[in-house]
Amino acid sequence: MNIVVCVKQVPDTETTRTLKSDDRTLDRAAADGVLNELDEYAVEEALRIKEAHGGEVTVLTMGPDKATDTIRKALSMGADKAVHLTDEALVGSDALQTSYAIQQVLGRTGFDLVVLGSESTDARTGVLAAMLAERLGVPQLSLANKVEIDGSSIRVQRQTDYGYDKVEATLPAVVSVVEKINEPRYPSFKGIMAAKKKPFETLGIADAGIDAAQVGLANAATEVVDFAEAPPRERGQIVKDEGEGGVAAAEFLASKKFI
Amino acid sequence: MSKVERELPTPEAADLIGLTRDLVAAEVAPRAAADEEAGRFPREVFATLGRAGLLGLPYPQEHGGGGQPYEVYLQVIEELAAGWLAVGLGVSVHTLSCFPIAAYGSAEQRARLLPEMVGGELLGAYCLSEPGSGSDAAAMATKAVRRADSYEISGTKAWITHGGIADYHAVFARTDRSAGSPTAEADRPRGARGVSCFHVPGRTAGVAAAPAENKMGMRASTTAQMTFGGALVPVDDLIGGEGDGFRIAMAALDGGRLGIAACAVGLAQAALDAAVAYAGSRRQFGRPVADFQGMRFMLADMATGVAAARALYLSAARRRDAGRPYGTEAAMAKLFASDMAMRVTTDAVQVLGGYGYVTDFPVERYMREAKVLQIVEGTNQIQRVVIGRRLAEARAAAPGGD
Ligand SMILES: Cc1cc2nc3c(=O)[nH]c(=O)nc-3n(C[C@H](O)[C@H](O)[C@H](O)COP(=O)(O)OP(=O)(O)OC[C@H]3O[C@@H](n4cnc5c(N)ncnc54)[C@H](O)[C@@H]3O)c2cc1C
Numbered sequence: 020m021n022i023v024v025c026v027k028q029v030p031d032t033e034t035t036r037t038l039k040s041d042d043r044t045l046d047r048a049a050a051d052g053v054l055n056e057l058d059e060y061a062v063e064e065a066l067r068i069k070e071a072h073g074g075e076v077t078v079l080t081m082g083p084d085k086a087t088d089t090i091r092k093a094l095s096m097g098a099d100k101a102v103h104l105t106d107e108a109l110v111g112s113d114a115l116q117t118s119y120a121i122q123q124v125l126g127r128t129g130f131d132l133v134v135l136g137s138e139s140t141d142a143r144t145g146v147l148a149a150m151l152a153e154r155l156g157v158p159q160l161s162l163a164n165k166v167e168i169d170g171s172s173i174r175v176q177r178q179t180d181y182g183y184d185k186v187e188a189t190l191p192a193v194v195s196v197v198e199k200i201n202e203p204r205y206p207s208f209k210g211i212m213a214a215k216k217k218p219f220e221t222l223g224i225a226d227a228g229i230d231a232a233q234v235g236l237a238n239a240a241t242e243v244v245d246f247a248e249a250p251p252r253e254r255g256q257i258v259k260d261e262g263e264g265g266v267a268a269a270e271f272l273a274s275k276k277f278i
Numbered sequence: 236m237s238k239v240e241r242e243l244p245t246p247e248a249a250d251l252i253g254l255t256r257d258l259v260a261a262e263v264a265p266r267a268a269a270d271e272e273a274g275r276f277p278r279e280v281f282a283t284l285g286r287a288g289l290l291g292l293p294y295p296q297e298h299g300g301g302g303q304p305y306e307v308y309l310q311v312i313e314e315l316a317a318g319w320l321a322v323g324l325g326v327s328v329h330t331l332s333c334f335p336i337a338a339y340g341s342a343e344q345r346a347r348l349l350p351e352m353v354g355g356e357l358l359g360a361y362c363l364s365e366p367g368s369g370s371d372a373a374a375m376a377t378k379a380v381r382r383a384d385s386y387e388i389s390g391t392k393a394w395i396t397h398g399g400i401a402d403y404h405a406v407f408a409r410t411d412r413s414a415g416s417p418t419a420e421a422d423r424p425r426g427a428r429g430v431s432c433f434h435v436p437g438r439t440a441g442v443a444a445a446p447a448e449n450k451m452g453m454r455a456s457t458t459a460q461m462t463f464g465g466a467l468v469p470v471d472d473l474i475g476g477e478g479d480g481f482r483i484a485m486a487a488l489d490g491g492r493l494g495i496a497a498c499a500v501g502l503a504q505a506a507l508d509a510a511v512a513y514a515g516s517r518r519q520f521g522r523p524v525a526d527f528q529g530m531r532f533m534l535a536d537m538a539t540g541v542a543a544a545r546a547l548y549l550s551a552a553r554r555r556d557a558g559r560p561y562g563t564e565a566a567m568a569k570l571f572a573s574d575m576a577m578r579v580t581t582d583a584v585q586v587l588g589g590y591g592y593v594t595d596f597p598v599e600r601y602m603r604e605a606k607v608l609q610i611v612e613g614t615n616q617i618q619r620v621v622i623g624r625r626l627a628e629a630r631a632a633a634p635g636g637d
């Protein structure tokens, strides 16, 4: 089975993240890049499917040069090869454009199954899997907390607020996963060494047949118009319990219409 | 924990440090305080590190090791020790226990024994010290007497890290006493030249561990006396020749001391990070205590000590990696880094005030843990003896010297 995992390098959530004042896009150069957390689960699931059913796992990422660190992590976990789409023309692309660009690359690699994390910790739009499935004309199975494959059919448990839905489709398909699905493995140092020797293809937009007029900040369908710092948290109101503490607390909650 | 910016020679070394940080954050640091309190040895943590390939980093890839220079291996030790000293020091001692075979074993011994020693599933111990001989290791009493195809080892080793847990031991014993001779003359040890080194599996009959020592700190790291009651070791497991043991022990300790220096830097970094974080959030006289110059100068001295010790162990490591002599530099690194760690952890307690003195914060534990680093693998007095001896030798060798 030809499994492609789409991964993204995101700024480490433990570092301060800022938007650039000139074009109101995320300052990716300023922050440490890490593999988007949910994508680790996607890589793990792809590896488990490969281990159970055979085939090959390709890691696909779109992002700046330094995203190679993130690709190496996925390779050291055990993915077989990598494709890195990187081009100045792609900078500032929104979700719609990104799904187009990835669709073009998937046209080159081919796929039976595309696995993604259900959202990234930076923009958190959570729409890429849906857009990609639509563009590719294949079923989308979203928010999976369990995946089963049997021949050409795929069944997932789709996480919901009340439990899960059972969703079934035929391959090829796009699956997005949630963190309940598995426990991602650690790479090993042997995996790190092996990753160095794995096939690694770097593509520009021309290589992938991507139309420059359809990508990049200037052509984006969505725009960040303005942003503001979150206001500093105001000092809370301290209720001293001098016998009437309960009443004071209840009055406060009532004033905020909680009770 | 703050991410220390590191100069690393290769992308895979950077990935290795990244992997170590992930492991420390998720598998090591979260349980340190509770296991230290309970005095529980975390064997599973070592198993996890073993699966990740961290228990044989500086040994050749052809024997299952990571093929990494000391410069990289030691920074992994530092990261581990910053999360939990018992683990960083445990990996360092394990790595030390593999050294005699890796460096002095025959090709046959390396092929037969090293892969499983460095493979991650086993844990080793290094048995040099004795109840009666610590700093004066060459005065050891444990003896190994040749019997046909075996050596029979008898004696007691003291302070053995992983004692009773280890899967194998590098054991140093005298081979200069004649078998069964009743005469005092034949029994008189001939010092350093009469010591030999043996590979002794943990399951060998006659090898037993005493109950673990009850320590001031690093309580999760098991330290115990080991008794060898006529344990039979095949002659094939003598490492090097008879009489090579002391040289092997000292060569192993040169590398081991760099491991202790790296542990000291990691521990001190953790204390510094805790102190900086606390001083930034604790308010007195209407502002964070970190705003007071008296505090800030203390933090500045702590940070400078950590950085200097790191630079010192790394420069010694790079000498080793380049194949140059580095024993004196290793002694300096161990001495400086462990004295620094003692001072920095003590200051960290001071920065936290009363909160530093209670177990709700980790700094009192760091302070108790730091002390052991001034004692193990040669006390800091012995490091000064080593460094001073080199100065005297250099003076004697200089033209016009005595
Ligand atoms: C937690 C822990 C783990 C250990 N793990 C191991 C292990 O795995 N394997 C192992 O073999 N050993 C291990 N050791 C033993 C350690 O290496 C010894 O404790 C150390 O070498 C000192 O020996 P000693 O305790 O006998 O002290 P002594 O040698 O009795 O020293 C007592 C004091 O005299 C000083 N002194 C001695 N000689 C001189 C001198 N010439 N000049 C100036 N001062 C001197 C010392 O510095 C010290 O202050 C461990 C010890 C501890 C505490």
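Here the protein sequences come in this chain order: A and B. This note's numbering numbers the first residue of the first sequence as 20 and each following residue consecutively. This note's numbering numbers the first residue of the second sequence as 236 and each following residue consecutively. Where a beta carbon is used, it is the ideal one built from N, C-alpha and C, also for glycine.
Open item on the list: Whole angstroms are fine: how far does the CA of G475/B sit from the CA of A338/B?
Closed with: As a working note, residue 338/B is residue 103 in the second sequence. As a working note, residue 475/B is residue 240 in the second sequence. The straight-line gap from Cα to Cα measures roughly 9 Å.
TODO: Look at the alpha carbon of G129/A and the alpha carbon of C362/B, and state the distance between them as a whole number of angstroms.
DONE: Mapped onto the first sequence, residue 129/A falls at position 110. Mapped onto the second sequence, residue 362/B falls at position 127. Distance between the alpha carbons of G129/A and C362/B: 59 Å.
- [ ] Please confirm if R13/A has its CB atom under 8 Å from at least one CB of chain B.
- [x] There is no way to answer for residue 13/A, as the model of chain A reaches only from 20 to 278.
TODO: For R409/B, collect the residues of the same chain with a Cβ closer than 8 Å to its Cβ; drop the 5 residues on either side in sequence, then sort them by chain order.
DONE: Sequence index remark: in the second sequence, residue 409/B carries index 174 (1-based). Hits under 8 Å: M375, A376, T377, K378, A379, P424, G429, V430, S431.
TODO: Could you tell me the distance, in whole angstroms, from the CA atom of L587/B to the CA atom of K238/B?
DONE: The count along the second sequence starts at 1 and reaches residue 587/B at position 352. The count along the second sequence starts at 1 and reaches residue 238/B at position 3. Each residue's alpha carbon lies about 22 Å from the other.
Task: Exposure of Q123/A, with buried meaning 16 or more beta-carbon neighbours within 10 Å - done: The residue given as residue 123/A occupies position 104 in the first sequence. Q123/A should be labelled buried.
TODO: Assign D46/A to buried or exposed, taking buried as 16 or more other Cβ atoms, counted over all protein chains shown, within 10 Å of its Cβ.
DONE: For this step, residue 46/A is matched to residue 27 along the first sequence. By the neighbour-count rule (16 or more Cβ atoms within 10 Å), D46/A is not buried but exposed.
TODO: Using three-state DSSP, classify R511/B as helix, strand or coil.
DONE: As a first step, residue 511/B is located in the second sequence; it is residue number 276 there, counting from the start. Arg is not the amino acid found at residue 511/B; the sequence shown has Val there. V511/B: helix per DSSP, three-state reduction.
Open item on the list: Please identify the residue among G156/A, D99/A, L125/A, E198/A whose C-alpha is closest to the C-alpha of S139/A.
Closed with: Position 120 of the first sequence, counted from the start, is the residue given in the question as residue 139/A. It is E198/A.
- [ ] Using a Cβ-Cβ cut-off of 8 Å, state whether S207/A counts as contacting chain B.
- [x] The count along the first sequence starts at 1 and reaches residue 207/A at position 188. Yes, its Cβ sits closer than 8 Å to a Cβ of chain B.
TODO: Output, in chain order, the set of chain A residues within a Cβ distance shorter than 7 Å of D257/B.
DONE: Numbered from its first residue, the second sequence carries residue 257/B at position 22. Within 7 Å Cβ-Cβ: Y205.
Task: Simplified DSSP state of N201/A, which is helix, strand or coil - done: Against the first sequence, residue 201/A aligns to sequence position 182. In the structure shown, N201/A sits in coil (DSSP, three-state: anything other than H, G, I, E or B).
Task: A414/B (DSSP reduced to helix, strand or coil) - done: Along the second sequence, one-based indexing puts residue 414/B at 179. Reliability fails at A414/B, whose pLDDT of 44 lies under 50, so the model's placement of it is uncertain and no value is given.
Open item on the list: Within 8 Å of any Cβ in chain A, is that where the Cβ of A287/B sits?
Closed with: Along the second sequence, one-based indexing puts residue 287/B at 52. Yes, A287/B counts as interfacial toward chain A.
Task: Distance between beta carbons of G437/B and Y386/B, contact taken as under 8 Å - done: Indexing the second sequence from 1 puts residue 386/B at position 151. Indexing the second sequence from 1 puts residue 437/B at position 202. Rounded, the Cβ-Cβ distance is 17 Å, inconsistent with contact.
Task: 7 Å Cβ cut-off: residues of chain A touching E301/B - done: The residue given as residue 301/B occupies position 66 in the second sequence. At residue 301/B the sequence reads Gly, which differs from the Glu that was named. The answer, in chain order, is F208.
TODO: Using beta-carbon positions only, say whether V468/B and I388/B come within less than 8 Å of one another.
DONE: Here residue 468/B is taken as the residue at index 233 of the second sequence, counted from 1. Here residue 388/B is taken as the residue at index 153 of the second sequence, counted from 1. Contact flag set, yes.
- [ ] With DSSP collapsed to three states, give me the class of T189/A.
- [x] Counting from 1 along the first sequence, the entry for residue 189/A is found at position 170. In the structure shown, T189/A sits in a strand (DSSP, three-state: E or B).
Task: CB-CB length for L135/A against L125/A, believed under 8 Å - done: As a working note, residue 135/A is residue 116 in the first sequence. As a working note, residue 125/A is residue 106 in the first sequence. Their Cβ separation, rounded to whole angstroms, is 12 Å, which puts L135/A and L125/A out of contact at 8 Å.
Task: L251/B: contacting residues in chain A (beta-carbon distance under 8 Å) - done: Position 16 of the second sequence, counted from the start, is the residue given in the question as residue 251/B. Within 8 Å Cβ-Cβ: F208, I211.
Open item on the list: Using only the alpha-carbon positions, how far apart do G491/B and V611/B sit?
Closed with: On the second sequence, position 256 is the one that residue 491/B refers to. On the second sequence, position 376 is the one that residue 611/B refers to. So the alpha carbons of these two residues sit roughly 10 Å apart.
Task: Nearest neighbour of T34/A, chosen from F208/A, D41/A, V53/A [CA to CA] - done: Taking the first residue of the first sequence as 1, we reach residue 34/A at position 15. Nearest of F208/A, D41/A, V53/A to T34/A, Cα basis: V53/A.
Task: DSSP state of D31/A mapped onto helix, strand, coil - done: The count along the first sequence starts at 1 and reaches residue 31/A at position 12. Note: D31/A maps to coil in three-state DSSP.
Open item on the list: Let's test the definition: count the other Cβ atoms within 10 Å of the Cβ of Q310/B and tell me whether it reaches 16, buried, or not, exposed.
Closed with: On the second sequence, residue 310/B is found 75 positions in, with the first residue counted as 1. Burial call: buried.
- [ ] Taking only the alpha-carbon atoms, compute the straight-line gap between T80/A and D257/B and give it to the nearest angstrom.
- [x] Counting from 1 along the first sequence, the entry for residue 80/A is found at position 61. Counting from 1 along the second sequence, the entry for residue 257/B is found at position 22. For T80/A and D257/B, the distance between alpha carbons rounds to 22 Å.
TODO: Closer than 7 Å by C-beta to R578/B: which residues in its own chain qualify, once you throw out the five before and the five after it? Chain order, please.
DONE: The count along the second sequence starts at 1 and reaches residue 578/B at position 343. Result list for R578/B: G540, in chain order.
Open item on the list: Just to confirm, is the Cβ distance from P335/B to I483/B under 8 Å?
Closed with: Locating residue 335/B in the second sequence gives position 100, where the first residue counts as 1. Locating residue 483/B in the second sequence gives position 248, where the first residue counts as 1. The answer is yes: Cβ separation under 8 Å.
Task: Proximal residues, the region 352–369 of chain B versus chain A, C-beta separation under 8 Å - done: none
- [ ] Answer with yes or no whether the minimum CB distance from K215/A to chain B is below 8 Å.
- [x] Position 196 of the first sequence, counted from the first residue, corresponds to residue 215/A. By this cut-off, K215/A is an interface position.
Open item on the list: Looking at ligand 1, does it come within less than 7 Å of L363/B, judged from the CB to the closest heavy atom?
Closed with: Within the second sequence, the letter at position 128 stands for residue 363/B. L363/B Cβ: within cutoff of ligand 1.
Task: Continuous beta strand (DSSP E) stretch holding F219/A: start and end - done: In the first sequence, residue 219/A corresponds to position 200, counting from 1. 219–222 is the span of the beta strand (DSSP E), which, as asked, contains F219/A.
Task: Helix, strand or coil at S341/B according to DSSP, with G and I counted as helix - done: Residue numbering aside, residue 341/B sits at position 106 when the second sequence is read from its first letter. Looking at S341/B - three-state DSSP - the assignment turns out to be coil, as it is neither helix nor strand.
Task: Span of the beta strand (DSSP E), counted from its first residue to its last, around N21/A - done: Numbered from its first residue, the first sequence carries residue 21/A at position 2. Counting along the chain, the beta strand (DSSP E) containing N21/A begins and ends at 21–26.
Open item on the list: Strictly below 7 Å CB to CB, what residues from chain B border S95/A?
Closed with: Against the first sequence, residue 95/A aligns to sequence position 76. Going along chain B in sequence order, the residues near S95/A (Cβ under 7 Å) are D250.
TODO: Please confirm whether any heavy atom of ligand 1 lies closer than 7 Å to the CB of H616/B.
DONE: Position 381 of the second sequence, counting from 1, holds the residue named residue 616/B. In the sequence on display, residue 616/B carries Gln and not His. True, at least one ligand heavy atom lies under 7 Å from that Cβ.
Task: Span separating the alpha-carbon of A427/B from that of E365/B - done: Start at 1 with the first residue of the second sequence, and residue 427/B comes out as number 192. Start at 1 with the first residue of the second sequence, and residue 365/B comes out as number 130. The alpha-carbon atoms of A427/B and E365/B are separated by roughly 15 Å.
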